Every structure is written in C-alpha cells, then in structure tokens.
Amino acid sequence: MRNDVPATPVFSIVIPTFQRKRMVTALVRSLANQAFDEAIEVIVVVDGSTDGTAVALRNIDVPFPLTVIEQKNAGAAQARNAGAKKARGKILFFIDDDMEADSNLLAEHARSYRKGADVVIGHMPLHPESPPNLLTRSVQKWADERFHRLSAPDANIDFHELLTGQISLRREIFTSVGAFDTRFTSGGSFGNEDIDFGYRVLQIGCQVNFNPGAITWQRYEVSPDTYLHRARETGRADILLARKYPRQQKAILRSAYEGKWINRCFWRHIVNLPVLGTLLTSAIDWLTEKLILAENGAVTSRLFSWSTAIQYWRGVREAGGLPSGRKLRVLAYHAIRDLSASRVLYDYGVPPADFRNQLDALAKAGFQFISVEEFEHFLADGTGLPSKAILLTFDDCYTDLLNAALPILEEKKISALAFAVSHCMGGTNIWDKALGAPQLRLLNAGELLEASRRGIEVGSHSRTHPQLTKTSDEQLQAEIGGSLEDLEATGLKRPRFLAYPFGDQDRRVRQAAGAAGIIGAFTVAPGVFRGNSDPLCIPRIEILRDDAGRRLIWKVGVLARVRGRILP
Numbered sequence: 001m002r003n004d005v006p007a008t009p010v011f012s013i014v015i016p017t018f019q020r021k022r023m024v025t026a027l028v029r030s031l032a033n034q035a036f037d038e039a040i041e042v043i044v045v046v047d048g049s050t051d052g053t054a055v056a057l058r059n060i061d062v063p064f065p066l067t068v069i070e071q072k073n074a075g076a077a078q079a080r081n082a083g084a085k086k087a088r089g090k091i092l093f094f095i096d097d098d099m100e101a102d103s104n105l106l107a108e109h110a111r112s113y114r115k116g117a118d119v120v121i122g123h124m125p126l127h128p129e130s131p132p133n134l135l136t137r138s139v140q141k142w143a144d145e146r147f148h149r150l151s152a153p154d155a156n157i158d159f160h161e162l163l164t165g166q167i168s169l170r171r172e173i174f175t176s177v178g179a180f181d182t183r184f185t186s187g188g189s190f191g192n193e194d195i196d197f198g199y200r201v202l203q204i205g206c207q208v209n210f211n212p213g214a215i216t217w218q219r220y221e222v223s224p225d226t227y228l229h230r231a232r233e234t235g236r237a238d239i240l241l242a243r244k245y246p247r248q249q250k251a252i253l254r255s256a257y258e259g260k261w262i263n264r265c266f267w268r269h270i271v272n273l274p275v276l277g278t279l280l281t282s283a284i285d286w287l288t289e290k291l292i293l294a295e296n297g298a299v300t301s302r303l304f305s306w307s308t309a310i311q312y313w314r315g316v317r318e319a320g321g322l323p324s325g326r327k328l329r330v331l332a333y334h335a336i337r338d339l340s341a342s343r344v345l346y347d348y349g350v351p352p353a354d355f356r357n358q359l360d361a362l363a364k365a366g367f368q369f370i371s372v373e374e375f376e377h378f379l380a381d382g383t384g385l386p387s388k389a390i391l392l393t394f395d396d397c398y399t400d401l402l403n404a405a406l407p408i409l410e411e412k413k414i415s416a417l418a419f420a421v422s423h424c425m426g427g428t429n430i431w432d433k434a435l436g437a438p439q440l441r442l443l444n445a446g447e448l449l450e451a452s453r454r455g456i457e458v459g460s461h462s463r464t465h466p467q468l469t470k471t472s473d474e475q476l477q478a479e480i481g482g483s484l485e486d487l488e489a490t491g492l493k494r495p496r497f498l499a500y501p502f503g504d505q506d507r508r509v510r511q512a513a514g515a516a517g518i519i520g521a522f523t524v525a526p527g528v529f530r531g532n533s534d535p536l537c538i539p540r541i542e543i544l545r546d547d548a549g550r551r552l553i554w555k556v557g558v559l560a561r562v563r564g565r566i567l568p
C-alpha cells in the first residue's frame, strides 16, 4: 500500500465497507488498473468489519495513496462522511464495496467533467461472476432498464437515480449540499441516504450527466433473508424520507402509489390486521423460505414478490405509516430535574431518568416524535404526519433543558420546541416566587444559542410571563412582539412559535400573536391538534412527574383525545 502523498488528486475515491473483505479488495485492485494517468487517491472506511478487511487492504500494493479508516459500525452514510472529510481531491467519487471498476471508469468520468458536468453517474450492470438466481436476475433487469431509461435523448434524471453505487461530484457541490444524512443508515441499517443526498444535489441546480461508458460491475451476493430484511428497512427509510420532504411524498413512496395492486394495496392493509394479517403473512413467509432455493420459476417469483411487499409494508408500519392528515399530540414539559422537595413544583419536575423512561414508553407504544420542521409543514399546508405523532415542547427554558434533557434528546434523535421568557434570560422563575416555589435558574442568551445549535427551536414565552388576558393592548404588544425582538437580538432566529404563559389566552391575545408574526401558539388546554384547527390555539398535554407506564399511555393516547372532544 502506498502512503506517499502526491499533488492534489483529481479524484478522491471513497468506499465504505462492512464485512466484505473479498469484494472490497477486488474493487481496490480494479482501481489500480485504470486507463487514467492523473493523480487519484482511494479512501476505504471500514465500518466495524471483523473479517480482517483492514489488514487485507493495508497489504495491497497499489500505485496510488490508499488510506484505510477504521471505525465502529455506524452505517454507510457516516462512513462516507468520514471518507469525504479525509479526501483531498477536486472530485469526490463514491463507490459501493460490491462493485468492480471497468478499466475506463475514471477516464469516462473525467471526460464528462471536461464537458461541464457537476455530477456524473454511470452504468452499474450485474457482475458476470454473481451467482445466478432469482435475485440476480432481478438486479440485471433493473440495471438494463435503468441503462436504457437514462440513455434516452430526453432522459429525466430524478433523485432516485443518484445512487452511491457509482457517483462522482465536484468537491464544492458536496460542500454546498452538505454531508450524507446519517439517520438513514444509523447503526448499519439500510436505505435512502443516497436518494436523500441526490434530492439535495438536484435542488441546487446541478448539471448531472449519465455516462453510459462509465461502468462498475455489481457483485450481487445477497441472501434472500438479507434481501427481505433490507425491504423492511427500506419501508422505514421511505417514511423517514417522506417526512423529511413531505411535498415529495408521492415521488418518494413509489411502492405505495405504483406497481401491482396486490403489492401496493392488499399487503399494505393486510400487515395491519392483528390476527388475519399475522397468519397470512407468516404463511407467505414460510412458503417463500421453502421454495426460494428450489428455483421454482413463476411460483417462487410471485411468492417472493409478495414476501418482499409484506416486509416493506411492515417497515412502513413500524415507522408510523404513510404520512396523512392525522391528529397531533403536543406534549408540554417544564423542568427536567427532581423537584420532590417542593410541594408547589413537585408535579412539574420530571427527573432525567423518568424523562428517559417516558420517551421510551411512548416509543414502545408506537408514538412517533416529529421534528419542528414537520410540524411547520403540517401547519402550512396540512402535509401528512405519521400515525400517533408527537411534538415535544418545554416551557420556561430552565438550565436542565441544556444539561439534562438535551443529551437524552440528542441520543434519541428527537427535536423539540422550547419557550423562553425574554426579560428573564439568565434569571429565575420569578412568576412562581409568590407561591413559595424554589427559584430555578433559566438559560441565558449564550446557553439558548447553544441549545438552538443542538436542535432545539427557541420560541417565545412572552417577556415577563404575565397573564396576557389581563394586560393592556400596549402591554400585550410589548409582551409578545417585544419578546420576539429580544430573542432575535441574541442571535437566535426570530421566533415563530409562542407558548401563552399559564396557557392564558383569548381572542384578543390570539389576534396579537398573529399580528406579531406567530405561526403557531400553544395553550395548556388538553387535547389533540387537528390540521384544520386554529394554529394560534394549539392544545397541549402536560406531562408530569408521576405520568408513567399505562397512566402515561392512557393520558397521551386516549384521555387527551376524549378531553379534546368535550372541552371548548
């Protein structure tokens, strides 16, 4: 392996790999036989492999710098990001580890760049040494159809075509678009990190060229079990992608809207039936397992197609189902600390361990935590939400939001809204002092900025936490509009959301909030929020210290819905 560092490479070839020593070493050797004379480098990121991949790579003699990065298994997206960070080339070239490069691969990509391309994709046919079976025939058919589709004079290259099996792009494009989203392949899961990346590439107007002469041969050695497991992960990944880009839902969820009726409709609903669905899908799975190795022609192919659809829709269900105009539950927290010594604030202090347990219980019960961005889309145009959708909010912005709640939220990849009292930043909860409550420190401006950088959207909780219905018109304008100006002056983006202090509001207060530019305002009246309801009167479910187990699930899942129907 060469470690000498030449001049800036034209191509930095980044290859993530996991447990594929034979394949990835063959790929690296094929890159050593390129009809391309300019400088290149190859960076292989070994993503938690235990099969000796790293040692084997370091023992390969190649005519270019070969860097081997070892990391714990974190998924292909994180591995590509690690390789891109190390890369020095003018063009970043991502290749999957089950590919073998044609000798003209780099020369063809270079030719496309000389013609003005920003991004280049190529042909990915099945490697002739792949085992002949039902799956490889399907891969070959897909590759042939893709080749003819993209070779057409009027070909439309959409984001589904920008796959990391083989894609290169100018370094400045990667910098502009940003890294691969690691949520899609977190922990080694499969699916859509490249499609998400491709969507962002197309959004900035890049010139994408398909070069039919740029060939990488795919060694497809995937077992039926692995294929079906990936189908399930693809279902989850499709929902994650649809939630990230809700206006592209139909384009993303092709399996839901295209293809054979039995796959897109029948199995979609059958997997949700508790008894019949389980019996029928289990029977299909059993038959598929028995017949797949028998190569029983059309029967096996049909059963495997059904089994694939079943696994896909199971993944969709596990991720919250197809986004639709469902109801939203907004949870309201206050302090994430033990306040058992205070009779006044006991209920409103949830210790960190209990907070973690509450989030785990909700997730186990099938509730889906949505992002603030998803909530904004829901408000703007009724874009669908997953089933049992939940948005987390925190009132007052105590210091424990930063040092206790946020680490747990980051671990679980949950975003949230938090509402700050702008004239009390860095102070205490003076509005509770008359009640004999302990004075708890609030986040200062710098700490609010840190929370914002780490995924918390900061909204307004007024300037001084008064009962807004008891203020004059002038005071009301200052409390709402003034708080937005205060928070914006700290360097935060201007708040778009408001939590009414004490949940106190009326028509006049709501009108003042709307006039100040607030797009969503929250009460503490229990209930669920529907897309056609008043966005300046959003109900919330207050989560208290003793809400745990079945009580928590009942409160969030059933009681809030009932209360929302009977309360004005």
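Sequence positions in the sequence shown follow the numbering used here and run 1 to 568. Backbone N, C-alpha and C define an ideal beta-carbon position, used for all residues, glycine too. Just so you know, these numbers come straight off a predicted model, no measurement behind them.
Asked, Found
"Neighbourhood of Arg20 by C-beta distance below 6 Å, restricted to the same chain and skipping five residues each side", "Asp97"
"Whole-Å CB distance - Pro246 paired with Thr464, under 8 Å assumed", "Not a contact, Cβ separation roughly 37 Å."
"Whole-angstrom C-beta distance between Asp395 and Ala499, which should lie under 8 Å", "6 Å"
"Continuous beta strand (DSSP E) stretch holding Ile213: start and end", "Here residue 213 is Gly; the residue named in the question, Ile, does not match the sequence. Its beta strand (DSSP E) spans residues Val208 to Gln218."
"Cβ neighbour criterion (16 or more within 10 Å) applied to Pro16", "buried"
"Cβ neighbour criterion (16 or more within 10 Å) applied to Ala7", "exposed"
"Exposed unless 16 or more other CB atoms sit within 10 angstroms - verdict on Asp547", "buried"
"Inter-stretch contact (C-beta, 8 Å, three-pair minimum) for the segment 82-102 and the segment 169-179", "yes"
"For Arg551, three-class secondary structure by DSSP", "helix"
"Bridge partners - Ala521, DSSP secondary structure assignment", "Leu498"
"Sub-9 Å separation of Lys327 and Arg58 beta-carbons", "no"
"Segments assigned alpha helix (DSSP H), at least 4 residues, entirely inside the segment 317-375", "352-364"
"Neighbour-count burial assignment, Gln218, 16 or more Cβ in a 10 Å radius", "buried"
"Asp534, buried or exposed, once every other Cβ within 10 Å from all chains shown has been counted against 16", "exposed"
"Exposure of Glu479, with buried meaning 16 or more beta-carbon neighbours within 10 Å", "buried"
"Residues that Tyr245 bridges to, as DSSP identifies them", "Answer is none; Tyr245 lacks a bridge partner."
"4-residue-minimum alpha helix (DSSP H) runs that sit fully inside the segment 5-47, ordered along the chain", "21-31"
"Residue from Asp354, Gly178, Glu318 and Phe210 with nearest C-alpha to Val364", "In the sequence as presented, Val is not what sits at residue 364; that position holds Lys. Of the listed residues, the one whose Cα sits closest to Lys364 is Glu318."
"Distance, Ala251 Cα to Arg550 Cα", "39 Å"
"Rounded distance between the beta-carbons of Leu402 and Glu457, thought under 8 Å", "Wrong, their Cβ atoms sit about 14 Å apart, outside the cutoff."
"Distance between beta carbons of Arg268 and Trp313, contact taken as under 8 Å", "5 Å"
"Lys555 burial status per 10 Å Cβ neighbour count (16 or more: buried)", "buried"
"Residue of Glu193, Ile173 and Leu339 minimising C-alpha distance to Phe180", "Glu193"
"Beta-carbon contacts of Gly116 that lie in its chain and below 7 Å, excluding the five residues immediately before and after", "Gln207"
"Rounded C-alpha distance that separates Gln358 from Leu552", "8 Å"
"Three-state secondary structure assigned by DSSP to Gln166", "strand"
"Element boundaries [alpha helix (DSSP H), containing Thr175]", "Arg171 to Val177"
"Counted within 10 angstroms of its Cβ, other Cβ atoms place Ser282 as buried (16 or more) or exposed", "exposed"
"Simplified DSSP assignment, three categories, for Phe529", "strand"
"Three-state secondary structure assigned by DSSP to Val68", "strand"
"8 Å contact criterion, which Tyr333 and Thr393 should meet: CB distance rounded", "7 Å"
"Alpha helix (DSSP H) segment containing Ala143, residue limits", "Leu134 to Ser151"
"Residues that His123 bridges to, as DSSP identifies them", "Ile215"
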